Amino acid sequence: MSTNLHVRNLDDELVARLKRRAARHGRSTEAEHREILRQALSVEPEPSFEELAAQLRKLTADRQQTPSEDLLREGRDER
1282 MSTNLHVRNL
1292 DDELVARLKR
1302 RAARHGRSTE
1312 AEHREILRQA
1322 LSVEPEPSFE
1332 ELAAQLRKLT
1342 ADRQQTPSED
1352 LLREGRDER
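Just so you know, we're using my numbering here: the sequence shown kicks off at 1282 and counts up by one.
Next comes the structure, spelled out in structure tokens:
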């Protein structure tokens, strides 16, 4: 399915830059606009659990890690 998208009130300099970019890539201004939107809105794959866990470990590497069983024990003892 194809949909038309109209963008109004663009700054003249922005339009000029779009035209120059399109010319550099050998495309029409409309085709360049489509390509810019396609690239900007491309869906990046969701990171896996392992990747997220690795990022979290990296972010918290300099912090003391308390084992969860110790935290549970402390919580029970406070009751």
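Built from N, CA and C at the ideal position, the CB exists for glycine as well.
Please read these numbers as outputs of a predicted model, since none were measured by experiment.
Can you round the beta-carbon distance between residue i and residue j to whole angstroms, since I take them to be within the 8 Å contact cut?
| i | j | result |
| --- | --- | --- |
| E1313 | L1291 | Not a contact, Cβ separation roughly 13 Å. |
| E1316 | R1308 | 7 Å |
Taking the straight line between their C-alpha atoms, what separation do you get for residue i and residue j?
| i | j | result |
| --- | --- | --- |
| L1352 | D1358 | 10 Å |
| R1289 | V1296 | 11 Å |
| P1328 | A1321 | 19 Å |
| Q1346 | G1356 | 17 Å |
Could you tell me if the beta carbon of residue i falls within a distance shorter than 7 Å of some heavy atom in the ligand FAD?
| i | result |
| --- | --- |
| S1309 | Although the ligand FAD was asked about, the structure shown includes no ligands whatsoever. |
Would you give the residue range spanned by the alpha helix (DSSP H) that residue i belongs to?
| i | result |
| --- | --- |
| Q1320 | T1310 to A1321 |
| A1335 | F1330 to L1340 |
| S1349 | S1349 to D1358 |
| D1293 | D1293 to R1305 |
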